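Comments concern the structure below.
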Amino acid sequence: MKVFIDLAKFFVSVILAIFFVIMFDIYNLFQWVENKLVDKFVLHFVLSEDAIVENVLEVLKTDFKKLKLKEVSYITKQQIFDEVRQKEELAVVLNVLKQNPFSDVIKVKIENYSKKEFEDLVKAMNLTSYVKQSLFDYNMKSYLDRIEELKPVVVLVYKIVFIFVVLTIIFYLFNTKNLQTNFAIVLLFTILYSIIMLFNKKFINLIVMSELIKFDLFTVFIFIMIYLFCILQNFKVVDENF
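For the sequence shown, my numbering assigns the number 36 to the initial residue and increments by one for each residue that follows.
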């Protein structure tokens, strides 16, 4: 019976460790999702017939603190017409119209998103007499707005988790028999963690979300140490002489 109880405790400790890792890296996950949305987010400004392109582009050169434009391109109505005509189902409609129904467009792709600055940019462009309409995916914008609102909460959770880890390590430093081993682990964690904090100016992320998932071996090692000497010992599954 004791074996099953110890096994159950072990699995609970594993679940807690996984939850801890997810909480610790959730900010990076938010950043990854935001980057993916930003990459797909495209803004189109439909120009009037008498539009002076240089004047419109001048408005786009406004300096913002957070919002950064990645790509700005001018597309003529003839280019749009030629591209649409390549699609058979739309080519029939264009043949019936016998004229080009499109307008010149300025296509904008952003690099960094900021809700307030994005809305200020759209408002400034719409106020010019050269822009008839601004087009973008409102659903995607709402997702980006939601992520921006949740970021401060995630940062707060980050700090709470970090404090919890430090307090847990300190607690076990003074409450386990194997004081020498625990002291060495805490010292190693403190020194290396401080160095990385200074260089990266951010918390260690277990998972770096990019095109593929990459694992930081040092951070994995740190989490293993925290698991072995903090979480697992709390369930008294390991031998006391460990």
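Cβ atoms here follow ideal geometry from the backbone N, Cα and C, with glycine treated the same way.
Model, not experiment: these values are computed from the prediction.
Is Asp139 closer than 8 Å to Ile182 when the C-beta atoms are compared?
-> Working through the sequence shown from its first residue, we reach residue 182 at position 147. Working through the sequence shown from its first residue, we reach residue 139 at position 104. Taking a C-beta distance under 8 Å as the contact criterion, Ile182 and Asp139 do not qualify as a contact pair.
- I think Glu146 touches Leu104, with their Cβ atoms under 8 Å apart; what is that distance to the nearest whole Å? Within the sequence shown, the letter at position 111 stands for residue 146. Within the sequence shown, the letter at position 69 stands for residue 104. Glu146 to Leu104, Cβ: 7 Å. Contact.
Quiz prompt | Identity of the residue in Trp67, Phe76, Leu64, Gln66 nearest Ser177 by Cα | solution = Taking the first residue of the sequence shown as 1, we reach residue 177 at position 142. Nearest in C-alpha terms to Ser177, of all of Trp67, Phe76, Leu64, Gln66, is Phe76.
Q: Let me know the secondary structure DSSP gives Phe116 once reduced to three states.
A: Your numbering for residue 116 matches position 81 in the sequence shown. Three-state result, Phe116: helix.
Worksheet item: Around the Cβ of Leu191, are there at least 16 other Cβ atoms within 10 angstroms (buried) or fewer (exposed)?
Response: The residue labelled residue 191 in the question sits at position 156 within the sequence shown. Looking at its Cβ environment, which holds fewer than 16 other Cβ atoms inside 10 Å, Leu191 is exposed.
Check your understanding: Does DSSP put Tyr109 in a helix, in a strand, or in coil?
Key -> Here residue 109 is taken as the residue at index 74 of the sequence shown, counted from 1. If DSSP states are grouped into helix, strand and coil, Tyr109 belongs with the strands.
Helix, strand or coil for Phe65 per DSSP?
Stepping through the sequence shown from its first residue, residue 65 is reached at position 30. It is helical.
Boundaries (first-last residue) of the beta strand (DSSP E) holding Glu89
Looking up residue 89 in the sequence shown gives position 54. First-last for Glu89: 88–95, but that is the alpha helix (DSSP H), not the beta strand (DSSP E).
> Quick one, which of Met160, Glu89, Glu93 has its alpha-carbon nearest Leu170's?
Replying inline: For the purposes of this step, residue 170 is taken as residue 135 along the sequence shown, with counting starting at 1. The shortest C-alpha separation from Leu170 is found at Met160.
**Message:** Using 8 Å for Cβ pairs, my map puts His79 next to Lys142. What's the rounded Cβ distance?
**Reply:** Position 44 of the sequence shown, counted from the first residue, corresponds to residue 79. Position 107 of the sequence shown, counted from the first residue, corresponds to residue 142. So it is a contact: roughly 6 Å between Cβ atoms.
| Do you know how far the Cα of Glu93 is from the Cα of Leu162? | Your numbering for residue 162 matches position 127 in the sequence shown. Your numbering for residue 93 matches position 58 in the sequence shown. Between Leu162 and Glu93, the C-alpha separation is close to 14 Å.
Please confirm whether Leu185 and Tyr148 have their CB atoms less than 8 Å apart.
Counted from its first residue, the sequence shown places residue 185 at position 150. Counted from its first residue, the sequence shown places residue 148 at position 113. The criterion of a C-beta distance shorter than 8 Å is not satisfied by Leu185 and Tyr148.
Exercise. Can you tell me where the alpha helix (DSSP H) with Glu154 in it begins and where it stops?
Worked result: Start at 1 with the first residue of the sequence shown, and residue 154 comes out as number 119. Per DSSP, Glu154 belongs to the alpha helix (DSSP H) from 150–162.
What residues match up with Ile141 in a beta bridge as DSSP calls it? Position 106 of the sequence shown, counted from the start, is the residue given in the question as residue 141. Checking the DSSP bridge columns, you'll see Ile141 partnered with Phe80, Tyr109.
**Asked** With burial defined as no fewer than 16 other Cβ atoms inside 10 Å of the residue's Cβ, what is the status of Val188: buried or exposed?
**Response** If you number the sequence shown from 1, residue 188 lands on position 153. Around the Cβ of Val188, a 10 Å sphere holds fewer than 16 other Cβ atoms; the residue is exposed.
Checklist line | Inter-residue spacing [alpha-carbon to alpha-carbon] between Asn290 and Ile87 | finding: Here the chain has residues from 36 to 277 only, and residue 290 is not among them.
- Just how far apart, CA to CA, sit Leu156 and Leu95? As a working note, residue 156 is residue 121 in the sequence shown. As a working note, residue 95 is residue 60 in the sequence shown. Annotation: Leu156 to Leu95 spans about 8 Å, alpha carbon to alpha carbon.
If I measure Cβ to Cβ from Lys100 and keep anything under 8 Å in the same chain, skipping five residues before and after, which residues do I get? On the sequence shown, position 65 is the one that residue 100 refers to. The residues are Ser149, Glu152.
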